[in-house]
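The structure appears right after this line, and notes come after that.
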Amino acid sequence: MTRVLIVDDDFMVAKVHAGFVAALDGFEVAGTASSGAEALAEVARLQPDLVLLDVYLPDMTGLEVLRRLRADAVPVDVVVISAARDAESIRSALHGGVLYYLVKPFDRQTFEARLREYAAVRSELAVLQEAGQADVDRLFAGARSGSRPAAPTPKGIAPETLQLVREALRDAGEEGLSATQCSERTGLARVSARRYLEQLVTLEEADVRQRYGTAGRPERRFTLRSPQRPG
Numbered sequence: 135m136t137r138v139l140i141v142d143d144d145f146m147v148a149k150v151h152a153g154f155v156a157a158l159d160g161f162e163v164a165g166t167a168s169s170g171a172e173a174l175a176e177v178a179r180l181q182p183d184l185v186l187l188d189v190y191l192p193d194m195t196g197l198e199v200l201r202r203l204r205a206d207a208v209p210v211d212v213v214v215i216s217a218a219r220d221a222e223s224i225r226s227a228l229h230g231g232v233l234y235y236l237v238k239p240f241d242r243q244t245f246e247a248r249l250r251e252y253a254a255v256r257s258e259l260a261v262l263q264e265a266g267q268a269d270v271d272r273l274f275a276g277a278r279s280g281s282r283p284a285a286p287t288p289k290g291i292a293p294e295t296l297q298l299v300r301e302a303l304r305d306a307g308e309e310g311l312s313a314t315q316c317s318e319r320t321g322l323a324r325v326s327a328r329r330y331l332e333q334l335v336t337l338e339e340a341d342v343r344q345r346y347g348t349a350g351r352p353e354r355r356f357t358l359r360s361p362q363r364p365g
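Heads up: the sequence shown begins at 135 in the numbering used here, then just goes up one per residue.
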């Protein structure tokens, strides 16, 4: 579960964003803050995974909050959500290592898309042991530009469930899993397990092959691809 701190001086805006977050699978609202000082205190107290940070705050800018978090090496991810459109604010946000910069007003679909992309990057990093250049390029494409080279996640594919299937494949090693075996290990219905396995193939994270037995139809087995290593 990704825990999110929402920082905005407008109570109603914070409430709307909290509703967006709470409606997303795999996310929960850890808390809210309406000032820079409160944001820093709540980050220290709640230790969220992600901060949704407005630039315009009553006591200091969100960019100052960002600078202080980075100066203290606080391990939290940040998405800026603000009406600030000036180049200096955007440049400062980039220097502070924000993942996305959402300009108000924006639609709910854009908001949810960015958080899903963020969840996908977190999921991939959770299982990646050593990255090759292709892995790094893919992760930065997802975390920075908002456009991932792999196919978009279809409706009905939950990032946390995809991670569950990914881990089951990883634990299976070179032997891999059939849809039936994946179903047994994850508790998913066989049809759902197969759908998630095929999504990993679409994302080029897994391979599928036919394994022929002594009788009956060949069995499709899925194996997780190993991270590419530099040559």
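Heads up, the beta-carbon is just placed ideally off N, CA and C, and yes, glycines get one too.
Kindly give me the distance between the Cβ atoms of residue i and residue j, rounded to whole angstroms, as I take these residues to be in contact under 8 Å.
| i | j | result |
| --- | --- | --- |
| PRO182 | LEU139 | 4 Å |
| VAL299 | CYS316 | 6 Å |
| THR166 | ALA178 | No, THR166 and ALA178 are not in contact; Cβ-Cβ is about 15 Å, not under 8 Å. |
| ALA218 | VAL189 | 4 Å |
| GLU198 | VAL261 | Rounded, the Cβ-Cβ distance is 35 Å, inconsistent with contact. |
| GLY231 | ARG202 | The Cβ separation is near 13 Å, so there is no contact. |
Please go through the same chain and pick out, in chain order, the residues whose beta-carbon is closer than 7 Å to the beta-carbon of residue i, but skip the five residues on each side of it.
| i | result |
| --- | --- |
| THR357 | LEU303, GLU308, GLY310, ALA340 and ASP341 |
| ALA164 | ARG137, VAL138, LEU139, LEU180 and PRO182 |
| THR314 | ARG324 |
| ALA306 | none |
How should residue i be labelled, buried or exposed, when 16 other C-beta atoms within 10 angstroms of its C-beta is the threshold for buried?
| i | result |
| --- | --- |
| PRO192 | exposed |
| PHE145 | exposed |
| GLY321 | exposed |
| ASP142 | buried |
| GLY153 | exposed |
| GLN297 | buried |
| ALA207 | exposed |
Could you tell me which residues DSSP puts in a beta bridge with residue i?
| i | result |
| --- | --- |
| GLU162 | ARG137 |
| PHE356 | LEU311 and VAL342 |
| ILE215 | LEU236 |
| LEU187 | VAL141 and VAL214 |
| ALA167 | VAL141 |
Only counting the same chain, and skipping five residues up and downstream in sequence, which positions put a Cβ closer than 8 Å to that of residue i?
| i | result |
| --- | --- |
| GLU162 | MET135, THR136, ARG137, VAL138, VAL155 and ALA156 |
| PRO286 | Because PRO286 carries a pLDDT of 49, less than 50, the predicted location of this residue cannot be relied on, and no value is offered for it. |
| ARG359 | GLU338, GLU339, ALA340 and ASP341 |
Relative to the C-alpha of residue i, which residue among the options is closest?
| i | options | result |
| --- | --- | --- |
| GLU294 | ARG328, ALA313, GLU258 and ARG319 | GLU258 |
| LEU200 | ALA217, ALA218 and ALA227 | ALA227 |
| ARG328 | SER360, ILE291 and HIS229 | ILE291 |
| ARG242 | ARG359, VAL150 and GLU338 | VAL150 |
| THR244 | SER223, GLU222 and ILE215 | ILE215 |
| LEU233 | ILE224, PRO239 and PHE240 | ILE224 |
| GLU246 | ASP305, ARG219, ASP188 and VAL213 | VAL213 |
| LEU249 | ASP211, TYR190 and GLY170 | ASP211 |
| GLY170 | ALA306, ALA207 and LEU187 | LEU187 |
| LEU236 | VAL185, TYR330 and SER312 | VAL185 |
| ASP159 | LEU197, ALA253 and THR195 | ALA253 |
If you drop the 5 nearest sequence neighbours on each side, which residues of the same chain put their C-beta closer than 6 Å to that of residue i?
| i | result |
| --- | --- |
| ARG345 | GLU353 and ARG355 |
| GLN333 | ILE291 |
| SER312 | GLU353 and ARG355 |
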